[in-house]
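Read through the structure below, which is laid out as structure tokens, and then see the notes.
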Amino acid sequence: MRLPFARQIQSVKRFLPRSLLGRSLLIMLVPLIVVQAVALQLFYGSNQVVVSRRLASAVAGEIGSLADSLQRFPGNADRAWAMALAVQNLQLAPQFQPGATLAATGEAGHPPSWTIQGSLAAAMDEIVHRPFQLDWDSNDVNVVVRVQLADGVLETQVPRKRLFVSTIYIFVLWLVGSAVLLFTVAAIFMRNQVRALRRLGAGAEAFGLGRDQGPIKPEGATEIRQAATAFNRMQERVRRFLTQRTALLAGVSHDLRTPLTRLRLAVALLESHPGLQDDVAEMTADIAEMDRMIDGYLAFARGEGSEQAQPTDLGQVLLDVANNARRAGANIALDPPTDLTIWLRPDAMRRAITNLVDNARRHARHISLKVRHQGMRALEILVDDDGPGIPAAQREAVFRPFSSGAAGGTGLGLTIARDIVRAHGGEILLEDSPSGGLRARIVLPV
Ligand SMILES: Nc1ncnc2c1ncn2[C@@H]1O[C@H](COP(=O)(O)OP(=O)(O)O)[C@@H](O)[C@H]1O
Ligand SMILES: [Mg+2]
């Protein structure tokens with residue numbers, strides 16, 4: 013049973029980045045943003061609101077005292093003195109408009125109290141006790157504050173600077189700047205690590221597909237270097253093992269040739285003896301078969317030896333195989349694919365497909381050779397025939413070396429074919445063919 017919570021985690025996971033780079037940057041970024049948001053909230057949310065409320069109160073208090081003075085001393089000289097004082101000491105630029113009245117103020121619509129506008133309006137309400145208007149729009153540098161007096165309107169220009177605390181911008185800039193810096197450094201660092209890892213992965217993949225690209229240069233963090241070094245050592249061991257096996261096979265086959273030749277000569281001498289003819293004929297046939305087997309081993313050893321994978325036109329390989337089979341009298345159908353160039357060891361692959369076609373030729377009349385894509389990452393080569401096929405239970409056994417029951421076969425054909433295909437990172441399968449006989453299917457990664 014899955015809990016709903018687990019299901020939620022699953023659905024969140026779908027949106028998370030899949031790559032190592034994306035994930036590690038996310039791991040960096042999320043705590044960074046949370047910490048900075050908390051810091052910002054602590055600073056702006058509490059400190060900043062308190063400070064701006066006090067600034068607003070101070071401005072409102074000054075305007076209130078000025079308004080009170082003008083009201084208390086209505087004489088022209090007194091008023092001029094009070095106004096001059098405001099300009100000089102309070103940085104307010106007051107103006108008196110005698111006889112004017114404020115347009116009806118919509119008292120209800122104060123902006124929210126945590127904004128600067130709101131806190132000034134609230135402070136005016138609280139301190140001045142007269143009808144007032146705040147004009148934030150007509151001027152970029154100043155806020156225009158109008159207060160209704162008994163005999164006119166007092167208009168003051170209050171510099172916006174007196175209401176704002178500019179440190180908040182520096183603080184935000186600092187937060188954003190440090191976040192960007194941290195993120196950039198982390199991104200560059202991580203990308204290098206990830207690149208090293210990715211190169212290691214690509215190297216391992218290529219080696220598995222039989223594309224030998226030499227040792228991987230160890231780079232990145234210690235662990236990644238260690239992995240690369242270990243991979244290089246493994247690559248070297250595998251290569252040495254393959255070379256040894258091939259050399260052994262070639263050596264044994266080669267060494268068998270000499271005694272076999274001697275044997276053939278000796279048997280030829282026996283031929284003249286009366287009454288031995290039948291035995292000699294049998295022995296000669298056996299020797300010929302051993303010769304063929306040795307040819308097979310040598311070809312196998314050679315094929316594995318030095319050939320390098322290279323971009324190869326698979327259509328051309330198939331055409332070669334089909335043409336050779338036709339020359340030997342086979343009835344083979346092929347629609348060669350166009351433009352199918354993949355990484356292959358062409359001689360080895362030609363040999364593998366030839367082995368399959370040879371088998372089909374031996375057991376069936378009609379052969380068909382096809383290629384088709386299998387998804388994005390693989391393609392398959394099909395060799396179909398209309399012969400007796402192989403019972404499902406024996407399909408694994410025929411891949412074993414020397415499995416042949418038939419005279420004239422070495423029992424190595426399928427072994428070699430599978431070996432070659434696997435060295436390309438692929439697989440070879442035997443199935444029922446739609447045309448009645450055996451289908452050999454080679455699946456190759458591309
Ligand atoms: N297309 C086929 N139809 C029927 N039997 C097959 C086919 N291909 C292979 N076989 C069986 O599998 C055995 C092994 O094949 P292979 O490894 O090529 O060795 P060989 O061809 O030398 O006998 C064959 O001897 C044969 O019995
Ligand atoms: Mg064969």
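Its first residue numbered 13, the sequence shown is counted upward by one per residue in my numbering. Quick reminder that beta carbons are idealized off the backbone N, C-alpha and C, glycines included.
Whether residue i touches residue j by CB criterion (9 angstroms)
i    : j    : result
A94  : L78  : yes
G308 : G448 : no
A435 : R362 : no
L175 : L132 : yes
A337 : I402 : no
F144 : V157 : yes
Q205 : G215 : no
D291 : L282 : yes
F55  : I180 : yes
L450 : D396 : yes
R269 : G232 : no
CA nearest to the CA of residue i, picked from the options
i    : options                : result
L456 : I393, F411, G399       : I393
Q322 : I354, Y309, G308       : I354
F312 : L281, G287, S125, N367 : N367
N101 : V71, D80, Q129         : V71
I139 : T234, R304, I75        : I75
G399 : F55, A208, S31, N343   : N343
D149 : A49, M246, E319, V170  : V170
L212 : A239, G189, V192       : A239
L381 : H375, V369, V264       : V369
Local conformation of residue i per DSSP, three classes
i    : result
N371 : helix
W186 : helix
I228 : coil
S380 : strand
H266 : helix
P457 : strand
A342 : coil
P271 : helix
D398 : coil
P192 : Inspection of the sequence shows that residue 192 is occupied by Val rather than by Pro. V192 falls in the helix class under three-state DSSP.
T255 : helix
P171 : strand
T241 : helix
A313 : helix
F176 : coil
N204 : helix
A334 : helix
DSSP beta-bridge partners of residue i
i    : result
F108 : L166
L450 : D444
D298 : DSSP, once it has assigned bridges, lists no residue as partnering D298.
I354 : T324
Continuous alpha helix (DSSP H) stretch holding residue i: start and end
i    : result
Q322 : Segment 322-325 is the beta strand (DSSP E) holding Q322; no alpha helix (DSSP H) there.
V46  : 32-52
L97  : 88-102
F84  : According to the sequence displayed, residue 84 carries Arg and not Phe. 61-84 is the span of the alpha helix (DSSP H), which, as asked, contains R84.
R434 : 425-435
D137 : 128-139
V24  : 16-25
Residue span of the beta strand (DSSP E) that contains residue i, given as start and end
i    : result
V414 : First, the amino acid is wrong: residue 414 is Phe here, not Val. Per DSSP, F414 belongs to no beta strand (DSSP E) and is neither H nor E.
V142 : The sequence given here has Arg at residue 142, not Val. Segment: none, R142 is in no beta strand (DSSP E) and carries neither H nor E.
N154 : 154-161
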